Amino acid sequence: MRRRDFLRGAGGGTAAAAAATATAGTASAQPSFGGWLSDVTNYSEVVDETGAEEVTVEVGVEANGGAFGFGPAAVQVDPGTTVVWEWTGEGGQHNVVANSGGDFESDLVGDAGFSYEQTFDQEGVVQYYCQPHQSLGMKGVVVVGAVPEEGGGEGGEKELHELGVAIQAHWVGSATILAIVVSIVYSFYILKYGETPHSGHGGAE
Ligand SMILES: [Cu+2]
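Here you go:
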């Protein structure tokens, strides 16, 4: 019980330190937008399309176990940019539906050449998905303006990692102390009682 309390205390301290480190700045980390893109196989980075007046996102690119992706999954644009979604014709019927940061929904279409567009004037993060394939990971993000820093998700992972290291270090320390105690006790018994059976054997041999 006491050991567990100690662990919790030590872990809490480490986690707090880790959180402080995380807020200090990890700009290079890829945001998952609160986990929205965490299961999207074709997401690796936010593609910087700032400076462009019009940006094209393909609907039905090879991803998520079929042609179930938006390409690219995440784009960064300036406020006032028009995003044009263009259907590839692959992967069946798709649509583009706002999840947050906007309110729009395209038709559900399977044909190549169909397109749908939205102009984003307000800064913020727009999360969207394809209704039939959302569960497969057909999701996307349009970042209008600056890419937000994510203290929450990344910091959480770091905390767990740091906590794991702290526990591991603690166990290594415990094991070392245990080994020392065992060897002392063992030596004590050898010194005290070791002679009798030893000499007995010695006598028999
Ligand atoms: Cu789809």
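Position 93 of the sequence shown, counted from 1, bears residue number 95 in the working numbering, the numbering being contiguous throughout. Beta carbons are placed, not taken as given, at the ideal position from N, Cα and C, and that holds for glycine. Predicted, not measured: the structure shown is a model, and the values here were computed from it.
Contact test: residue i Cβ vs ligand 1 heavy atom, cutoff 6 angstroms
i	result
Pro-74	no
Pro-33	no
Pro-81	no
Pro-150	no
Classification of residue i by the beta-carbon crowding that lies within 10 angstroms, buried from 16 upward
i	result
Gln-124	exposed
Leu-193	exposed
Ala-20	Only weak support exists for where Ala-20 lies, its pLDDT of 42 falling under 50; the coordinates are left without a value.
Tyr-195	exposed
Ile-188	Note that residue 188 is Tyr in the sequence shown here, rather than Ile. Tyr-188 should be labelled exposed.
Thr-83	buried
Ser-34	buried
Gly-73	buried
Val-42	buried
Val-2	Nothing about residue 2 can be reported from this structure: the residues present for the chain run from 3 to 207 only.
Gly-53	exposed
Val-143	buried
Val-184	exposed
Ala-181	exposed
Gly-175	exposed
Ala-75	buried
Straight-line Cα distance separating residue j from residue i
i	j	result
Ser-137	Glu-119	23 angstroms
Asn-66	Met-140	7 angstroms
Gly-68	Phe-116	19 angstroms
Glu-107	Glu-51	23 angstroms
Thr-148	Gly-126	Correcting the residue type first, residue 148 is Ala in the shown sequence and not Thr. Taking the straight line from one Cα to the other gives about 8 angstroms.
Pro-81	Asn-101	19 angstroms
Val-98	Cys-132	5 angstroms
Trp-38	Val-85	19 angstroms
Pro-150	His-96	28 angstroms
Residue i beta carbon near ligand 2 (any heavy atom closer than 6 angstroms)
i	result
Asp-80	Here the bound small molecules are ligand 1; ligand 2 is not part of this structure.
Which runs of the beta strand (DSSP E), 3 residues or longer, sit entirely within the segment 83 to 134? 83 to 89, 99 to 102, 117 to 122 and 126 to 131
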